[in-house]
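Okay, structure first, notes after.
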């Protein structure tokens, strides 16, 4: 029995959607995790965004930059989830067991994610898009629906907050290097911009 034209178009659209999700899912999951600090919650949010994307696929597939559209949907959903009351309920701040470090900087990464969770949601969104997704100020502004100046100010405030949160973690690191024979002057290794 021959397939109807509509069935063929639907199958092609479904295949296109599946390929889009397959290509973008790792990046979207990582972004959601960095935004909320929890893989399970991040996966739930990504799943909601992908469901919405599927429902609107006939329009979404015509977007100039599909990845930017999904990223915008994801960031807005993450911010909306944070605004809801249930998002403020934290059952526990400690995992039953800490994951085994897989690289020398695994502890630093965990400290960074924990500190990132304490940054205001809008600042966190800007930091994730700017420094983990490598978006420009303009691209970040477009994704969040705000002015480039807002992105710059939120970046500065978010970085200042992160520095303050990570400073106690870095207290065991010496702030100066031993003096060299040639210069005799200590070198500051924790400069403001590092």
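Numbering (our numbering), first residue to last: -12 to 181. Ideal Cβ placement from N, Cα and C applies to all residues, glycine included. Note that this is a predicted model, so its numbers are computed, not measured.
Taking the straight line between their C-alpha atoms, what separation do you get for residue 152 and residue 93?
If I take the Cα positions, the gap works out to 18 Å.
Enclosing alpha helix (DSSP H) for residue 24 [first to last residue]
In the DSSP annotation of this structure, residue 24 is not part of any alpha helix (DSSP H), being labelled neither H nor E.
In chain order, what are the residue ranges of uninterrupted alpha helix (DSSP H) at least 4 long that sit wholly in the stretch 105 to 140?
Within the stretch 105 to 140, complete alpha helix (DSSP H) segments of at least 4 residues are found at 108 to 114, 124 to 131, given in chain order.
Own chain, CB closer than 7 Å to residue 186, minus 5 neighbours either side, in chain order
Outside the displayed range of the chain (-12 to 181) lies residue 186, so it cannot be described from this structure.
The stretch -4 to 10 touching the stretch 35 to 49, judged by at least three CB pairs closer than 8 Å:
The stretch -4 to 10, when compared against the stretch 35 to 49, does touch it at the 8 Å Cβ threshold.
Residues in the same chain with beta-carbon distance under 8 Å from residue 136, minus the five sequence neighbours each way, listed in chain order, please.
Answer for residue 136: no residue qualifies.
According to DSSP, simplified to helix, strand and coil, what is residue 160?
Note on residue 160: pLDDT 45, under 50, position unreliable in the model; no value is reported.
The alpha helix (DSSP H) with residue 53 in it runs from where to where?
Element bounds for residue 53: 53 to 70.
For residue 34, count neighbouring C-beta atoms within 10 Å of its own C-beta (all shown protein chains included) and say buried if the count is 16 or more, exposed if not.
An exposed status is given to residue 34, since fewer than 16 other beta-carbon atoms sit within 10 Å of its beta-carbon.
Take residue 145 as the anchor and find which of 24, 27, 112 has the nearest alpha-carbon.
Of the listed residues, the one whose Cα sits closest to residue 145 is 112.
Does DSSP put residue 45 in a helix, a strand or coil?
Looking at residue 45 - three-state DSSP - the assignment turns out to be helix.
Can you list, in chain order, the residues of its chain with a C-beta nearer than 7 Å to that of residue -6? Leave out the 5 residues immediately preceding and following it.
Excluding sequence neighbours, residue -6 sits near nothing in its chain.
Residue of 50, -2, 22, 124 minimising C-alpha distance to residue 102:
Closest by C-alpha distance to residue 102, out of 50, -2, 22, 124, is 22.
Secondary structure at residue 92, three-state DSSP: helix, strand or coil?
Of the three classes helix, strand and coil, the one that applies to residue 92 here is coil, per DSSP.
Going by the CB atoms, is the gap between residue 116 and residue 130 shorter than 7 Å?
Between residue 130 and residue 116, the C-beta gap is smaller than 7 Å, which places the two residues in contact.
Go ahead and pull the three-state DSSP assignment for residue -10.
Residue state for residue -10 is assigned as coil, using DSSP reduced to three classes.
Buried or exposed for residue 61, please, with buried defined as at least 16 other CB atoms from any protein chain shown within 10 angstroms of its CB.
So residue 61 counts as buried.
Short check: CB of residue 24 to CB of residue 104, under 7 Å?
Taking 7 Å as the Cβ cut-off, residue 24 and residue 104 qualify as a contacting pair.
Using three-state DSSP, classify residue 13 as helix, strand or coil.
DSSP places residue 13 in helix when its eight states are reduced to three.
Among 99, 140, 57, which has the Cα closest to the Cα of residue 14?
Cα-wise, what sits closest to residue 14 is 57.
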